[in-house]
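Heads up: the sequence shown begins at 955 in my numbering, then just goes up one per residue.
See below for the structure under consideration.
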Amino acid sequence: MAIYINTKTRNTIETDLVVSGGDWELVGEQQASDKEPTVPELKAKLDELGIDYDKKAKKPELLALLESAESNQDEAE
955 MAIYINTKTR NTIETDLVVS GGDWELVGEQ QASDKEPTVP ELKAKLDELG
1005 IDYDKKAKKP ELLALLESAE SNQDEAE
């Protein structure tokens, strides 16, 4: 399952299909990018991992949650 984000509207979708064209970009580990993730991208990744968060959370809090989840996932492997 892949998550895509629309670069203009910041809407996200989750699908098994490949989305191409328009303003859609792949989000998450599959996307090779040097830029820091946006708040919608962070929320999409947390949703993908099934992690609960405050919908009004700011970027630093979302980053901390994601980093914590990823480090816990690495330890479990």
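Note that beta-carbon positions come from the ideal geometry of N, C-alpha and C, so glycine has one too.
Computed from a prediction, not measured in an experiment: that's the story for all the values here.
Coarse secondary structure for residue i, derived from DSSP in three states
i           : result
residue 996 : helix
N-terminal and C-terminal residue of the beta strand (DSSP E) that residue i is part of
i           : result
residue 965 : First-last for residue 965: undefined, no H or E at that position.
According to DSSP, residues forming a beta bridge with residue i
i           : result
residue 981 : 957
Under 9 Å between C-beta atoms of residue i and residue j
i            : j            : result
residue 1017 : residue 1005 : no
residue 1002 : residue 968  : yes
residue 958  : residue 981  : yes
residue 993  : residue 962  : no
residue 977  : residue 955  : no
C-beta neighbour in chain D for residue i, strict 9 Å
i           : result
residue 967 : Absence of chain D from the displayed structure is noted, only one protein chain being present.
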